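Counting the sequence shown from 1 gives a position; our numbering is that position plus 91.
Below: one structure, written as structure tokens.
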Amino acid sequence: MRTGRLKHASLARLTHLFLLLTLLGAGAAFVLRAHGVGWWAFPLGVAGAVAAHLVLVAGLFFVVRQRRAHVHGERSDGDRDGLVLHGARGYDWLVRAVTLGREGKLRRWMLDLGEVRTGSSVLDVGSGTGTLLLAAAARTGPGGVLHGIELSPEMGARAREKARRRGVALTVTEGSATSLPWPDASFDAVFCTLVLHHLPTAVRETAIREMRRVLRQGGRMVLVDWQTPHSLLRTLFSGMGLVYFLHRHAPGGSPLEALATGTLLADLGFARVSRHAFGGGALGAIVAQTGGPAPE
92 MRTGRLKHAS LARLTHLFLL LTLLGAGAAF VLRAHGVGWW AFPLGVAGAV
142 AAHLVLVAGL FFVVRQRRAH VHGERSDGDR DGLVLHGARG YDWLVRAVTL
192 GREGKLRRWM LDLGEVRTGS SVLDVGSGTG TLLLAAAART GPGGVLHGIE
242 LSPEMGARAR EKARRRGVAL TVTEGSATSL PWPDASFDAV FCTLVLHHLP
292 TAVRETAIRE MRRVLRQGGR MVLVDWQTPH SLLRTLFSGM GLVYFLHRHA
342 PGGSPLEALA TGTLLADLGF ARVSRHAFGG GALGAIVAQT GGPAPE
């Protein structure tokens, strides 16, 4: 039963990806035609888009090997596994390619949502190669506190290497989102990017409870993940098209949509919850702020 569902999801993913590449190729062909190139540009544009993006997708599955790592909790079908991304070498380049160079803009958008400023203490859950923490360092200054937690040893090592080369003081701890090794009320801002959709529902809720626990009064939790886009056309040309189509078949649907319609955030005492969209809405964010004054 489960194998059949996975095969169906994979087929649907490939079908949508083919449609995406065809539309991108057609758009490229019409641009070439507008500049006086012959109609032969249409098959050339489609073939070029398919070839280029298939190389990116192949790189994604080769560089970011999706392995299973045991985490606490179960899915409804009894699967106790979440997914951990490995293969840090080349990962940063691949992310820039898949997002068509918009990763920097995405990180700035996230830091704005988290209201990261001079002296802020920041935690990134599922910190990967440390890109968000390094971007945060430019805002927090030397008085800021930057921590990440990451299950993959390779990703954590890559983050520490990047920080050392840039002279940035940050700490990346190997560990799980379900058991954060920090005291209560430790951080002004907590981020979690494209992690929740990998987690079974029970594990996801445990992770969010942990993020809430370490957040200070007035602090912000920023959860970024895929969601149903407002505009498929804008998504295709926003640089988020591949990100969306590679993630949208996660079990249980969009975690942001589930959180928006559920009561978990209210039950955890978040006073203000808002939703935001990026890249035509293919990526979204839930910003949940605790009650009390905002951190200085």
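Ideal Cβ positions, reconstructed from N, Cα and C, are used throughout, including at glycine.
From a predicted model like this one, the values you see are computed outputs, not experimental measurements.
At which residues does the beta strand (DSSP E) containing residue i begin and terminate?
i	result
Glu241	Val236 to Glu241
Leu214	Ser212 to Val216
Thr269	Counting along the chain, Thr269 falls outside any beta strand (DSSP E), and DSSP gives it neither H nor E.
Ser281	Note that residue 281 is Val in the sequence shown here, rather than Ser. Where Val281 is concerned, the enclosing beta strand (DSSP E) stretches over Phe278 to Thr284.
Is the beta carbon of residue j closer than 8 Å to that of residue i?
i	j	result
Glu194	Gly217	no
Gly221	Gly239	yes
Leu314	Leu290	no
Asp279	Gly375	no
Arg257	Leu223	no
Ser345	Gln318	yes
Val263	Ala250	yes
Taking C-alpha atoms, which residue in the options lies nearest to residue i?
i	options	result
Ala362	Gly181, Trp317 and Arg307	Arg307
Met302	Phe282, Arg198 and Thr231	Phe282
Thr190	Val305, Ala373 and Gly235	Ala373
Thr354	Gly371, Val305, Gly383 and Arg300	Arg300
Ala293	Lys253, Ala349 and Phe369	Ala349
Pro320	Gly371, Leu359, Leu287 and His367	Gly371
Ser351	Phe369, Ile377, Gly360 and Gly247	Per the sequence shown, residue 351 should be read as Ala rather than Ser. Looking at the Cα atoms, Ile377 is the closest of the given residues.
What does DSSP give as the partner residue(s) for residue i in the beta ladder?
i	result
Gln380	Arg311 and Arg363
Val263	Gly239
Leu306	Phe278
Leu374	Trp317 and Phe369
What do you get for residue i, buried or exposed, if any count of 16 or more other CB atoms within 10 angstroms of its CB means buried?
i	result
Arg311	buried
Glu296	buried
Ser267	buried
Trp200	buried
Ser270	exposed
Asp215	buried
Thr284	buried
Pro233	exposed
Gly383	exposed
Gly181	exposed
Asp170	Below a pLDDT of 50, predicted positions are generally treated as unreliable, and Asp170, at 40, falls in that range; the measurement from the model is reported next regardless. Exposed, by the Cβ-count rule.
Could you tell me the boundaries of the alpha helix (DSSP H) in which residue i lies?
i	result
Thr190	Thr190 -> no alpha helix (DSSP H), and no H or E assigned at all.
Pro346	Pro346 to Thr352
Arg199	Glu194 to Leu204
Gly232	Element bounds for Gly232: n/a, residue is neither H nor E.
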